[in-house]
């Protein structure tokens, strides 16, 4: 999971950066004090997990969350426990009260990893759990999408842009106006098409550069 830390206190940044480097599941993108730079990174889809301080002079953590229009998992950090309720109202993964030990940090990260592995979608009159490890690709058609796994096709009333914002960026990539693919399920790429099992998925011109950049980054 690609991690970003935003905090106006240098000591807090140092501690979180050290904790992140101790967990092999995490990749540290940056530790910054500028929330506006961080917001740009989140909006560009670069971040899987955000550690966000609530009390910052330029832009509070709560206001930061309200401005986000791209979903990523968020763990709030603060020295003020009275802000906990506001944080959970904004659907964050966890809430770390400063100062916190590595073990408490690890538990919060484990929650975020669990969240990354499942998705709930509405199917008829129920919410169905989707194991993201099993998803091969997702196809969009107007206001409906089909989620294809190795065993089934799940149809839900949803648009592709919205579902794209809910998926972990490290594992899924939009490759066409009508398709999202699981990167680790790709069998081959040839002549502008992706092979996943028996399915041939076209790579759209709009998404071509970003897709190949993602592939190169996984190889490096």
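Residue numbers (our numbering): 1 to 220.
Idealized CB from N, CA, C, for every residue including glycine.
Residue burial is scored here from C-beta neighbours: residue 206 has fewer than 16 other C-beta atoms within 10 angstroms and is therefore classed as exposed.
For residue 15, the enclosing alpha helix (DSSP H) covers residues 10-21. Separation of residue 150 and residue 77 (C-alpha to C-alpha, rounded to the nearest whole angstrom) is 39 Å. One thing to note: residue 137 has its Cβ no nearer than 8 Å to the Cβ of residue 79. The alpha-carbon of residue 159 is positioned some 28 Å away from that of residue 191.
DSSP, reduced to helix, strand and coil, places residue 41 within a helical segment of the structure shown.
Here residue 172 is bridged, per DSSP, to 182. When rounded, the separation of the alpha-carbon atoms in residue 214 and residue 100 is 34 Å. Under the three-state reduction of DSSP, residue 80 is assigned to coil, being neither helix nor strand. Judged by beta-carbon spacing, residue 1 lies within the 8 Å limit of residue 48, meaning their Cβ atoms are closer than that value. Taken through DSSP and simplified to helix, strand or coil, residue 120 comes out as strand.
Rounded to the nearest whole angstrom, the C-alpha separation of residue 122 and residue 64 is 28 Å. The beta carbon of residue 107 lies closer than 8 Å to those of 94 in the same chain, with the five residues before and after it left out.
In the displayed model, residue 100 falls within coil according to three-state DSSP, outside both helix and strand. A direct Cα-to-Cα measurement between residue 38 and residue 111 gives close to 22 Å. Per DSSP, residue 143 is not a residue of any alpha helix (DSSP H), being assigned neither H nor E. Under the three-state reduction of DSSP, residue 188 is assigned to strand.
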